[in-house]
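Data first, discussion second: the structure below is written as structure tokens.
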Amino acid sequence: MARRRLESRGGLLADIQTAILTEPLDSLFHITEELGRGKFAVVKKCVEKATGKEFAAKFVRKRRRGRDCRADVIHELAVLEAACCNSRVINLHAAYENEHDIILLLEYAAGGEIFDHCVSDELLSESQIVRLIRQILEGVHLLHQSNIVHLDLKPQNILLTSLSPVGDIKIVDFGLARRLGTVGELREIVGTPEYVAPEILNYEPITTASDLWSVGVITYMLITGESPFAGEDKQQTFLNVSQVNVDYSREAFTRVSELAVHFIRKLLVKTPEDRPSAADCLSHPWLWQQYPGAELSPPAVPRVPRERSGGAKWASAPEDPEDKENILDSPQSKRSRFVIDEAHATRDSGV
Ligand code: ADP
Ligand code: MG
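Taken in order, the sequence shown gives residues 3 to 353; the numbers are from the numbering used here.
This is the structure we're talking about:
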């Protein structure tokens, strides 16, 4: 795709190249079952009549709470365009528009959400988790290289190309993504309480490190089947996040190597500057352990020199898991998202 000028308005992109088509979607596609929904979007499976090819159509509402939010949908489309070379991001095939919605026609991820593997009775094996986390980091690394932060990384927004065998990951849902580094600092309170980094709660500057926090939470959930910060209510969750109140004593940690706990501990740290970058994480020894019977392929992104710490980043031995009292007993099924700005606070109850 040709190089584009990417406009930024508070981290929002405005320039798109994709033509927005106006013919009715159902004239070209059979629209079938619902795949998922959020506060302002519903995603449906559809099959192209001419070719039989499957897609996922994300119908995103242009008007929300009486406001015209078309620019927000265009932003989501622009981010998908900007990430079109990133094989770990869902591919945008086309865009349509009707009176109420902009419809993003996306590659269909047939394997569903990795969330299902976090709440399943049968959790994934360590080698499978490692493979998925490596892929997530590859995708996040490429996004960060383009100065894009996702800001809503969570198991519901990481999909799989197939369910059995467990396929490759695809990152979706760029509605809250922002572009960094254009004008000044970006401060916003966006995200989903259980997955959001403490600096975002504190209205401190957003950086790429905020996404790495969420990768730590996702890793914890894939290993334990529990959400590390979820509390009885949002306030409790926020408190858990801001105190980095994590329980590493769970039984589930005994079935994985100590390096797994070491990896999570490096990400779930309060100070964003102390978190490793995605590139740093990709060289963590946990991700390159040999598992009997599991195939290891080289990373899809080139190893880049580590920015802050030189070669010593992962040199320290894994710490002993430390028993910490955890005040939460978390229902991991909470899927709410909040968006708060300085002037007024609004809460979306989410899916
Ligand atoms: P929202 O902004 O409302 O959270 P998402 O883009 O996250 O919307 O989509 C909602 C849900 O729809 C996802 O969590 C997932 O379950 C499903 N979904 C989204 N995109 C696809 C896709 N390309 N293929 C299959 N399912 C999808
Ligand atoms: Mg989502």
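Yeah, the Cβ is synthetic: ideal placement off N, Cα and C, and Gly gets one too.
Treat the numbers as computed from the prediction; the structure is a model and nothing was measured.
Taking only three categories from DSSP, how would you classify residue i?
i: H77; result: helix
i: K172; result: strand
i: T34; result: strand
i: L15; result: strand
i: R198; result: According to the sequence shown, residue 198 is Val rather than Arg. The answer is coil: DSSP assigns V198 none of H, G, I, E or B.
i: A111; result: coil
i: E344; result: Low per-residue confidence applies at E344: pLDDT is 31, beneath 50, and the placement is therefore not dependable enough to give any value.
i: H286; result: coil
i: D118; result: helix
i: L23; result: strand
i: R257; result: helix
i: T69; result: For the sequence presented, residue 69 should be read as Arg rather than Thr. R69 falls in the strand class under three-state DSSP.
i: E56; result: strand
i: E275; result: helix
i: K156; result: coil
i: V49; result: strand
i: V243; result: helix
i: K326; result: The pLDDT assigned to K326 is 28, lower than 50, so where the model puts this residue is not dependable, and the model offers no usable value.
With DSSP as the reference, identify every bridge partner of residue i, one or two as the case may be.
i: Y205; result: Answer by DSSP bridge pairing: none, since Y205 is not bridged.
i: F61; result: V44 and I105
i: R252; result: DSSP, once it has assigned bridges, lists no residue as partnering R252.
i: L39; result: The amino acid occupying residue 39 in the given sequence is Arg; Leu does not appear at that position. In DSSP, R39 forms a bridge with V44.
i: V151; result: R180
Along the alpha helix (DSSP H) that carries residue i, what are the first and last residues, could you check?
i: C86; result: Unbroken run through C86: none, as it is neither H nor E.
i: E128; result: E128 to Q147
i: A179; result: Unbroken run through A179: none, as it is neither H nor E.
i: E260; result: E260 to L269
i: Y222; result: A211 to T226
Starting from residue i, trace the beta strand (DSSP E) both ways and give me its first and last residue.
i: E193; result: In the sequence as displayed, the identity of residue 193 is Gly instead of Glu. Residues I191 to G193.
i: I160; result: I160 to L162
i: A97; result: L94 to E99
Answer yes if the stretch 162-181 comes into contact with the stretch 69-81, meaning at least three C-beta pairs across the two stretches below 8 Å, and no otherwise. yes
When you get a sec, list the residues whose CB is within less than 5 Å of any heavy atom of ligand 2, chain order please. N159 and D175
Contact between the stretch 251-260 and the stretch 226-241 (3+ Cβ pairs under 8 Å): yes
Are the stretch 80-98 and the stretch 16-35 touching by the rule of at least three beta carbon pairs closer than 8 Å? yes
Would you call the stretch 103-113 in contact with the stretch 134-143, where contact means no fewer than 3 C-beta pairs closer than 8 Å? no
Could you check whether the stretch 63-72 touches the stretch 119-137, counting it as contact only if at least three pairs of C-beta atoms, one from each stretch, sit closer than 8 Å? no
Are there three or more Cβ pairs, one per stretch, closer than 8 Å when the stretch 186-199 is compared with the stretch 233-243? yes
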